[in-house]
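**Q** The structure follows.
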Amino acid sequence: MTRRIRDVMSPGTAAVEPMTTVARAARLMRERDIGDVLVTYDCDLFGVLTDRDIVVRAVAEGHDPAVTPVGTVCTRPPVVTLTPDDTTDHAVELMRRYAVRRLPVVEHGGCPVGIVSLGDLATTEDPHSALADISKAVPNH
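Structural data, given as structure tokens:
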């Protein structure tokens, strides 16, 4: 059953500015038990920083997380986005096409308002799937 993104997204996602250190962003991810933060500047989406970006583009490359700005290692535009009025079918199509697990949700002016993950979609679109069960599980800090 197709739903609107506004009904399945995680609203009010974590956001940091491009000059925030990778270490600070990683601590924010740990505190909120999330795998990504939006990188924004004055309500404009600058990029997306994922836990994988931290490992592959920062740590594995030998960058010091305590001084490396997230703006240098995040996924930069063109970042694929959705609007709250888009459908979950469209989100699935974009995730497949671009091989991504998370999509920022932006208002028509480009201001980020949330994020939708593959787990969010599994939980709502296929609640009996293994991915939905994993997504509903208690975090294992």
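With this note's numbering applied, the sequence shown has no gaps in its numbers, which climb one by one up to 140 at the end.
For each residue, glycine too, the CB sits at the ideal point set by N, CA and C.
Model, not experiment: these values are computed from the prediction.
#1: What did DSSP end up calling T122 once you bin it into helix, strand or coil?
#2: Could you check what DSSP says for R3 in three-state terms: helix, strand or coil?
#3: Indicate the three-state DSSP secondary structure (helix, strand or coil) for G11 in the structure shown.
#4: At the level of alpha carbons, what is the spacing between T71 and V54?
#5: For chain B, find out if any of its Cβ atoms is closer than 8 Å to the Cβ of D85; answer yes or no.
#6: In the structure shown, what three-state DSSP assignment does V227 receive?
#7: For the candidate residues H62, V79, D52, whose alpha-carbon lies nearest to that of C73?
#8: Would a C-beta distance cut-off of 8 Å place L27 and V38 closer than the cut-off?
#9: Nearest by alpha-carbon distance to D84: which of P10, E106, E60 is it?
**A** Let me lay it out:
#1: helix
#2: strand
#3: coil
#4: 13 Å
#5: Here chain B cannot be found, since the structure has a single protein chain.
#6: Within the shown structure, residues of the chain are numbered from 0 to 140, placing residue 227 beyond reach of any answer.
#7: D52
#8: no
#9: E106
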